[in-house]
Amino acid sequence: ERRRGDTGADASAPPRRARARLPALCHDPRVVADPLLRETQKLYGLPASEFTAARNARAKELKQEDPELADRVAKLPKPTVAAAALNELVREDPSEVRALVQSGKRLRAAQESAVKGKRVDLDAAIREHRDALDRVQRDLRRRKLTEQTLDRATRTLRVASLDPDLHALLERGLLHEDLTASGFGLN
């Protein structure tokens, strides 16, 4: 199965909303020792060009000691170019991505308060989120990505920074596909 992004999929097809494969793991503090999460973090920390060979080799190594884990590792999807760039960025400098997620939480809270009729400075929250997004985007530009990949990475950042179910995936560098918003975007 081909992934959307710069991995050969139909460029006209819209990116999918991330399925919750790992978020439950990411939110539970007891799973720091979870073997699949550990393997995923290691593999998604590699450059995209090394992922498939490393995943297949690791699955082969695990086959004898833990066949179930080996099967799950073998099924890990290859990150799109945009997702791999974001995962790499998170590992190199997590502070800006954390700041983006925090500003996304504040924006979401401001939006929810505004919907309830409370007086909030929604414009300030939107500006803060845009500024944080711009800082991460500057870091991405240094990676010499194509404009299309940069656009996909930016869209993925925006979606993941505003969706509580995706915060942990973004902050831990566990993204594997390009994301798109569903519903109304106020940013």
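Our numbering puts the first residue of the sequence shown at 1211, with every later residue one more than the last.
Note that CB positions come from ideal geometry on N, CA and C, so glycine has one too.
Counted within 10 angstroms of its Cβ, other Cβ atoms place residue i as buried (16 or more) or exposed
| i | result |
| --- | --- |
| Val1311 | buried |
| Val1325 | exposed |
| Asn1208 | As displayed, the chain neither begins before 1211 nor continues past 1397, which places residue 1208 out of reach and without an answer. |
| Ala1263 | exposed |
| Ala1319 | exposed |
| Asp1373 | buried |
| Ala1391 | exposed |
| Glu1298 | buried |
| Arg1382 | buried |
| His1377 | buried |
| Glu1357 | exposed |
| Glu1322 | exposed |
| Glu1338 | buried |
Cβ separation of residue i and residue j, assumed to be a contact under 8 Å, to the nearest whole Å
| i | j | result |
| --- | --- | --- |
| Leu1389 | Arg1365 | 7 Å |
| Tyr1254 | Pro1304 | The pair is not a contact, with the Cβ atoms about 14 Å apart (cut-off 8 Å). |
| Ser1313 | Ala1342 | 4 Å |
| Ser1371 | Leu1384 | Contact doesn't hold; Cβ gap of about 15 Å is too wide. |
| Arg1282 | Leu1246 | 5 Å |
| Glu1306 | Asp1349 | 6 Å |
Helix, strand or coil at residue i according to DSSP, with G and I counted as helix
| i | result |
| --- | --- |
| Lys1326 | coil |
| Asp1344 | helix |
| Arg1353 | coil |
| His1386 | coil |
| Asp1244 | coil |
| Ser1313 | helix |
| Ala1320 | helix |
| Ser1392 | coil |
| Ala1228 | Only weak support is given to the placement of Ala1228: the predicted model assigns it a pLDDT of 42, under 50, and the value that follows is read from those uncertain coordinates. Note: Ala1228 maps to coil in three-state DSSP. |
| Asp1331 | coil |
Option in the options with minimal Cα separation from residue i
| i | options | result |
| --- | --- | --- |
| Thr1250 | Gln1274, Ala1284, Glu1278 | Ala1284 |
| Glu1260 | Ala1294, Lys1273, Asp1281, Asp1244 | Ala1294 |
| Ala1363 | Ala1378, Pro1374, Asp1344 | Asp1344 |
| Ala1309 | Asp1244, Arg1368, Gln1274 | Arg1368 |
| Pro1287 | Pro1277, Ala1258, Asp1375, Leu1272 | Ala1258 |
| Ile1336 | Leu1317, Val1330, Lys1328 | Leu1317 |
| Val1291 | Pro1277, Leu1256, Glu1278 | Leu1256 |
Interface flag, residue i vs chain D, CB-CB below 8 Å
| i | result |
| --- | --- |
| Pro1287 | Given the protein chain composition of this structure (a single chain), no chain D is represented. |
Could you name each continuous alpha helix (DSSP H) segment of 4 residues or more that falls completely within the segment 1360-1384, going from the start of the chain to the end?
-> Counting whole runs of 4 or more residues, the segment 1360-1384 contains the alpha helix (DSSP H) stretches 1377-1381.
Taking only runs of the alpha helix (DSSP H) that begin and end inside the segment 1255-1302, which ones reach a length of at least 4 residues, in chain order?
-> Qualifying alpha helix (DSSP H) stretches, in chain order: 1258-1275, 1277-1284, 1291-1302.
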